[in-house]
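Colleague: Residue numbers for the sequence shown, in our numbering: 14 to 810.
If you scroll down you'll find the structure; I have some questions about it.
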Amino acid sequence: MSSTPGTVAPQEHPMRPRPTRTTLAALLAAAALTVPLLPTATDATATPQATPAAEVDALGLVPQPASVEVADAEPWRLTPTTRIAAAGEARPVARALAEELRTSTGFRLPVPARPRPGDLQIVVDEDAAYTVEGEAPTEESYVLDVTADGATITARTAHGAFNGVQTLRQLLPAWVGSDRPVTTDWTVPAVHIEDAPRFAYRGVMLDVARSFQEVDTVKRYLDTLASFKASHLHLHLADDQGWRIEITNEGRVEGDTIDYTRLTEISGDTAMNERGYRSELGRSGYYTQEEYREIVEYARERHITVVPEVDVPGHTNAALHAIPQLNTERSLPARDPETGVVDWNGTAAVGYSALDELHEPTYHFVNHVFGQLADLTQGPLVHVGGDESHDMGHERYVDFVSRAVPEVRETTGVGVMGWTEFAEAGLTQGEGYWEGSVVHYWVGSGDWVRDFVSKGGKAVVSDAGRSYLDMKYDPSTPIGLSWACSGDCDYPRYYDWEPTTVVEGGLAEEDILGVEAPMWSETIRGEDQAMYMALPRAAAILETGWSQAEDKDVDSFSTRLGALGAHLTVAGTNFYESRRAPWQWTVAGLEATVRKGRAGTVDVGLVAAPGTKLSADGTALVPDTVTTDGDPASQSVLTEPLTAVLRCGTDELPVTFRTEEPRGELHAAATYTASVSGTFDAATDCSLETSAGPTAPVTLSLGRPVVEPEPELGEPTLEVQDGVLASGQWFDLSVSGFAPEQHLDVLLDGTLVYRLHTDEQGRFDRTALVPRGTPAGEHELVVAQGERRVATTITVG
Numbered sequence: 014m015s016s017t018p019g020t021v022a023p024q025e026h027p028m029r030p031r032p033t034r035t036t037l038a039a040l041l042a043a044a045a046l047t048v049p050l051l052p053t054a055t056d057a058t059a060t061p062q063a064t065p066a067a068e069v070d071a072l073g074l075v076p077q078p079a080s081v082e083v084a085d086a087e088p089w090r091l092t093p094t095t096r097i098a099a100a101g102e103a104r105p106v107a108r109a110l111a112e113e114l115r116t117s118t119g120f121r122l123p124v125p126a127r128p129r130p131g132d133l134q135i136v137v138d139e140d141a142a143y144t145v146e147g148e149a150p151t152e153e154s155y156v157l158d159v160t161a162d163g164a165t166i167t168a169r170t171a172h173g174a175f176n177g178v179q180t181l182r183q184l185l186p187a188w189v190g191s192d193r194p195v196t197t198d199w200t201v202p203a204v205h206i207e208d209a210p211r212f213a214y215r216g217v218m219l220d221v222a223r224s225f226q227e228v229d230t231v232k233r234y235l236d237t238l239a240s241f242k243a244s245h246l247h248l249h250l251a252d253d254q255g256w257r258i259e260i261t262n263e264g265r266v267e268g269d270t271i272d273y274t275r276l277t278e279i280s281g282d283t284a285m286n287e288r289g290y291r292s293e294l295g296r297s298g299y300y301t302q303e304e305y306r307e308i309v310e311y312a313r314e315r316h317i318t319v320v321p322e323v324d325v326p327g328h329t330n331a332a333l334h335a336i337p338q339l340n341t342e343r344s345l346p347a348r349d350p351e352t353g354v355v356d357w358n359g360t361a362a363v364g365y366s367a368l369d370e371l372h373e374p375t376y377h378f379v380n381h382v383f384g385q386l387a388d389l390t391q392g393p394l395v396h397v398g399g400d401e402s403h404d405m406g407h408e409r410y411v412d413f414v415s416r417a418v419p420e421v422r423e424t425t426g427v428g429v430m431g432w433t434e435f436a437e438a439g440l441t442q443g444e445g446y447w448e449g450s451v452v453h454y455w456v457g458s459g460d461w462v463r464d465f466v467s468k469g470g471k472a473v474v475s476d477a478g479r480s481y482l483d484m485k486y487d488p489s490t491p492i493g494l495s496w497a498c499s500g501d502c503d504y505p506r507y508y509d510w511e512p513t514t515v516v517e518g519g520l521a522e523e524d525i526l527g528v529e530a531p532m533w534s535e536t537i538r539g540e541d542q543a544m545y546m547a548l549p550r551a552a553a554i555l556e557t558g559w560s561q562a563e564d565k566d567v568d569s570f571s572t573r574l575g576a577l578g579a580h581l582t583v584a585g586t587n588f589y590e591s592r593r594a595p596w597q598w599t600v601a602g603l604e605a606t607v608r609k610g611r612a613g614t615v616d617v618g619l620v621a622a623p624g625t626k627l628s629a630d631g632t633a634l635v636p637d638t639v640t641t642d643g644d645p646a647s648q649s650v651l652t653e654p655l656t657a658v659l660r661c662g663t664d665e666l667p668v669t670f671r672t673e674e675p676r677g678e679l680h681a682a683a684t685y686t687a688s689v690s691g692t693f694d695a696a697t698d699c700s701l702e703t704s705a706g707p708t709a710p711v712t713l714s715l716g717r718p719v720v721e722p723e724p725e726l727g728e729p730t731l732e733v734q735d736g737v738l739a740s741g742q743w744f745d746l747s748v749s750g751f752a753p754e755q756h757l758d759v760l761l762d763g764t765l766v767y768r769l770h771t772d773e774q775g776r777f778d779r780t781a782l783v784p785r786g787t788p789a790g791e792h793e794l795v796v797a798q799g800e801r802r803v804a805t806t807i808t809v810g
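In structure tokens:
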């Protein structure tokens with residue numbers, strides 16, 4: 014996208030056939046005149062022949078690169094003496110990679126400016142002129158060369174170099190994402206990869222309005238999506254159920270009397286109050302402007318552009334609930350005559366709310382909110398929503414959009430994006446009306462979309478039935494909806510669609526800015542559930558945005574996804590272990606410390622094995638292929654239970670496995686820890702040997718083991734907001750002293766009314782709800798987790 018306010022740059026589309034090796038080598042040699050390059054695959058004596066597809070698929074690269082050649086040669090090995098060389102714009106990319114690899118490898122991995130043999134070098138050269146088919150390079154293109162003598166990532170921009178790093182990470186062992194050092198074979202196969210994206214916009218949407226997601230959750234979501242080369246994060250910041258971004262009164266125009274702080278003060282406390290898993294209440298909360306800037310900067314460091322959305326003129330119940338000046342005789346729904354505002358709504362109802370398009374404060378509100386959002390984001394787009402304004406009627410809706418969009422463009426100086434419906438406002442307008450704007454197709458008229466792009470706009474395509482991530486995988490999925498996709502909504506359906514043809518009548522390639530995978534949160538609570546619904550389907554959408562149409566193949570994607578599952582497992586990223594992917598597994602050893610001559614239990618290794626469950630006695634990892642045990646069927650490449658022993662010389666000790674998060678109906682199998690019990694008299698090198706064949710080195714040292722103390726929960730506590738509460742009111746509630754990341758039952762006078770969820774410290778500290786219809790008087794409020802409970806009395810007036 015262009016950085017010029019209000020414009021969107023045309024997308025460059027590299028052609029498919031790859032450049033000749035001679036041409037590429039010459040271009041890299043030209044770059045070497047200014048930056049020293051390590052030996053690359055192009056320097057090899059024998060040029061690799063076309064690589065069989067199965068061999069490429071086995072690498073587990075998602076999205077599929079434009080061109081991959083695997084050499085029949087020794088791999089590159091990451092060792093304790095390896096360095097990551099980088100200069101100029103490449104240094105931040107190199108430093109970030111080095112920091113991650115230090116954690117998992119335990120190696121020093123310095124980041125010097127110049128390489129030596131055996132190093133990884135990352136080069137950003139703005140004059141480089143290479144890409145797929147020798148076309149002009151795009152901002153995101155890169156070349157990755159790996160030989161036994163070293164590895165080189167070359168790109169014209171830091172973004173391209175970052176993309177090359179994501180490919181390199183997938184080529185490394187899955188343990189690259191480990192949060193502790195492991196012992197494994199840190200190698201990368203000898204490959205030559207040339208790569209560039211099909212579309213510039215490859216996005217995902219996170220709805221934090223209906224149920225809030227914390228800053229750290231959004232950061233982890235960004236980390237995961239960056240690994241699949243996402244370029245945009247669309248944040249749905251406000252809807253009928255809640256308002257999630259702080260807006261200040263600074264910069265109000267003359268005559269604007271709205272107190273914008275009420276948006277978060279009042280509607281930051283509300284959320285969904287139905288449809289949660291096990292009746293969990295939607296999560297309230299909001300981002301301060303400082304926190305939002307933190308998210309934007311975190312995304313920018315990963316070359317992801319944030320697109321903020323506040324939906325107008327519909328989906329505005331939360332704004333109407335907070336701001337009296339927005340409520341008129343024409344705004345919808347009707348305001349309460351006593352309070353002057355509409356009541357909050359935590360249901361999944363849509364289409365009933367609307368701003369008054371004839372009311373001047375409406376436009377004060379719209380321009381002020383989007384002006385601050387644009388200043389906070391410093392990006393090329395703001396998203397005005399514009400969908401499902403059913404009760405407003407056609408004429409009123411078109412009148413609103415016709416005035417609001419030009420004003421927002423002038424106020425913000427950036428491009429305006431909106432859902433399919435907002436294209437209707439341009440049907441009677443002339444050529445160039447939508448210049449710099451983006452229509453976000455989800456359903457609706459193809460004629461509107463084609464009219465939109467004919468008048469200067471671009472399209473982002475989200476086929477609701479094949480890209481909405483909140484749809485159930487199948488009818489048994491405990492969360493999710495089914496209005497856009499029902500029956501089988503696993504990743505093959507989300508992979509098998511084409512952006513140019515999904516809009517009725519079709520779109521030209523050059524009219525499409527890209528694709529997006531939206532995830533609405535009517536039923537989704539917290540990070541684990543969001544990740545579970547997003548992956549692997551978001552990866553399928555992102556490959557659609559990256560890879561050329563003729564390169565897409567669902568069987569290939571399944572194979573590559575199966576190889577990548579262990580990476581997600583090791584990183585602690587939840588996902589749906591589809592029965593359609595052949596999930597690979599991997600083992601790594603640990604360096605452990607034992608007390609000489611003392612009997613004890615010691616952790617000796619880790620196993621990542623998606624699609625398996627722990628046996629009842631903990632001695633085996635069992636392929637989980639049934640649906641009768643409370644979780645979905647899966648498909649591990651393991652066909653028999655996996656057992657292991659620790660072999661130290663002639664001694665052999667049986668291994669027991671454990672996991673902190675067992676496979677369940679909404680959780681994939683976590684990484685398993687392998688441990689042994691015994692007495693050790695000397696430091697020794699051992700081997701963790703599995704029944705399926707692969708082994709891992711284990712080093713046992715003598716000393717005093719570091720024992721992490723079990724956290725003490727202490728006595729449970731409960732604090733509630735002071736004063737008399739009202740029926741249907743959201744109120745402050747804080748609890749502590751419960752098991753972390755578990756559900757809490759909330760009972761009113763002995764009746765379960767809903768559930769909450771503790772954080773990593775076993776606390777809950779946000780707003781809860783007095784159920785509607787609660788009679789006046791004193792009531793016993795109990796928060797319980799099994800036998801552990803705490804109670805207080807609340808007064809309802």
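We treat Cβ as the ideally placed atom computed from N, Cα and C, and that holds for glycine.
This one's a predicted model, so the numbers in the text were calculated from it and none came from an experiment.
Does L520 pass the burial test, meaning 16 or more other C-beta atoms within 10 Å, or should it be called exposed?
Modeller: Answer is buried; the Cβ neighbour count reaches 16.
Colleague: Using 8 Å for Cβ pairs, my map puts T196 next to G602. What's the rounded Cβ distance?
Modeller: Yes, T196 and G602 are in contact; Cβ-Cβ is about 4 Å, under 8 Å.
Colleague: Evaluate R348 with the Cβ neighbour count: other Cβ atoms within 10 Å of its Cβ, from every protein chain shown; 16 or more gives buried, anything less gives exposed.
Modeller: Buried is the call here.
Colleague: Would you call the CB atoms of C502 and D487 closer than 9 Å?
Modeller: Their beta carbons are under 9 Å apart, which means C502 touches D487 by this criterion.
Colleague: Please tell me whether R676 and D630 are closer than 9 Å, where the distance is taken between their beta carbons.
Modeller: In this structure, D630 does not lie closer than 9 Å to R676 by Cβ.
Colleague: Could you tell me if R538 is buried or exposed, where buried requires 16 or more neighbouring beta carbons within 10 angstroms of its beta carbon?
Modeller: With 16 or more Cβ atoms within 10 Å of its Cβ, R538 is classed as buried.
Colleague: How would you write the range of the alpha helix (DSSP H) that A100 sits in, first residue to last?
Modeller: Note, A100: premise wrong, no alpha helix (DSSP H); not H, not E.
Colleague: How many Å lie between V766 and G295 at the Cα?
Modeller: Each residue's Cα considered, the two are about 13 Å apart.
Colleague: Measure the alpha-carbon distance for S154 versus Q77 and round it to whole angstroms.
Modeller: Roughly 13 Å between the two C-alpha positions.
Colleague: Does the count of Cβ pairs from the segment 658-668 and the segment 678-685 closer than 8 Å reach three?
Modeller: These segments do not touch.
Colleague: For a minimum of 4 consecutive residues, which ranges assigned as the alpha helix (DSSP H) are wholly contained in the segment 218-276?
Modeller: Within the segment 218-276, the complete alpha helix (DSSP H) runs of at least 4 residues are 228-240.
Colleague: Between the Cα of L333 and the Cα atoms of F383, A109, S280, P788, which residue gives the shortest distance?
Modeller: Nearest of F383, A109, S280, P788 to L333, Cα basis: S280.
Colleague: If you draw a straight line from the C-alpha of Q542 to the C-alpha of A657, how long is it?
Modeller: Using only the alpha carbons, I get a separation of about 32 Å.
Colleague: Counting beta carbon pairs with one atom in the segment 420-428 and one in the segment 473-484, are three or more of them shorter than 8 Å?
Modeller: Touching, no.
Colleague: Could you tell me the distance, in whole angstroms, from the CA atom of P105 to the CA atom of Y365?
Modeller: For P105 and Y365, the distance between alpha carbons rounds to 48 Å.
Colleague: For the segment 713-782, list the beta strand (DSSP E) runs that are entirely contained and at least 3 residues long, ordered along the chain.
Modeller: Runs of the beta strand (DSSP E) inside the segment 713-782: 730-733, 743-749, 756-761, 764-770, 777-782.
Colleague: Which whole runs of the alpha helix (DSSP H) in the segment 501-572 are 4 residues long or more, in chain order?
Modeller: Qualifying alpha helix (DSSP H) stretches, in chain order: 504-508, 512-515, 539-547, 550-559.
Colleague: Out of D192, I166, G428, point me to the one whose CA is closest to G470's CA.
Modeller: Nearest option by C-alpha distance: G428.
Colleague: For T771, count neighbouring Cβ atoms within 10 angstroms of its own Cβ and tell me buried if that reaches 16, exposed if not.
Modeller: Under this definition T771 is a buried residue.
Colleague: Do Q734 and F744 come within 9 Å of each other at the CB atom, strictly closer than that value?
Modeller: Closer than 9 Å, so yes.
Colleague: For E401, name the three-state secondary structure that DSSP assigns.
Modeller: E401 falls in the coil class under three-state DSSP.
Colleague: Would DSSP call A42 helix, strand or coil?
Modeller: With a pLDDT of only 32 at A42, under the threshold of 50, the placement of this residue in the model should not be trusted, and no figure is reported.
Colleague: A174: which of D208, G131, W510 sits nearest, CA to CA?
Modeller: Nearest option by C-alpha distance: D208.
Colleague: Are the segment 365-377 and the segment 259-276 in contact at 8 Å, needing three or more beta carbon pairs?
Modeller: Judged by Cβ distances under 8 Å, the segment 365-377 makes contact with the segment 259-276, as three or more pairs qualify.
Colleague: With C-beta atoms as the reference, is G449 less than 9 Å away from F212?
Modeller: Their beta carbons are not under 9 Å apart, which means G449 does not touch F212 by this criterion.
Colleague: So, with DSSP's three-state summary, where would you put E702?
Modeller: E702 falls in the strand class under three-state DSSP.
Colleague: In chain order, what residues of the same chain lie with their CB nearer than 7 Å to the CB of G618, ignoring the 5 residues before and after it?
Modeller: Same-chain partners within the cutoff: V600, A601, G602, L603, A687, L701, A709, V711.
Colleague: Is the number of C-beta pairs between the segment 770-787 and the segment 690-707 that are closer than 8 Å three or more?
Modeller: No contact exists between the segment 770-787 and the segment 690-707.
Colleague: Where does the unbroken alpha helix (DSSP H) through R409 begin, and where does it stop?
Modeller: Note, R409: alpha helix (DSSP H), 407-425.
Colleague: State the Cα-Cα distance for the pair T329 and S415, rounded to the nearest angstrom.
Modeller: Near 18 Å, if we compare the C-alpha coordinates of S415 and T329.
Colleague: Could you round the C-beta distance between P346 and F413 to whole angstroms and report it? I think they count as a contact, below 8 Å.
Modeller: Rounded, the Cβ-Cβ distance is 17 Å, inconsistent with contact.
Colleague: In chain order, what residues of the same chain lie with their CB nearer than 7 Å to the CB of W455, ignoring the 5 residues before and after it?
Modeller: Excluding positions up to five away in sequence, the list reads W432, T433, S475, A477.
Colleague: Would R257 and G298 qualify as a contact pair, given that the criterion is a beta-carbon distance under 9 Å?
Modeller: Yes, the pair counts as a contact, with Cβ atoms nearer than the cut-off.
Colleague: Use the C-beta contact count for H407: other C-beta atoms within 10 angstroms, 16 or more gives buried, fewer gives exposed.
Modeller: Its Cβ having fewer than 16 others within 10 Å, H407 is exposed.
Colleague: CB-CB under 7 Å to R409, same chain, minus the five flanking residues each way: which ones, in chain order?
Modeller: Once the five neighbours on either side are set aside, the close Cβ partners of R409 are E370.
Colleague: Indicate whether F241 and L555 have their beta-carbon atoms separated by less than 9 Å.
Modeller: Taking 9 Å as the Cβ cut-off, F241 and L555 qualify as a contacting pair.
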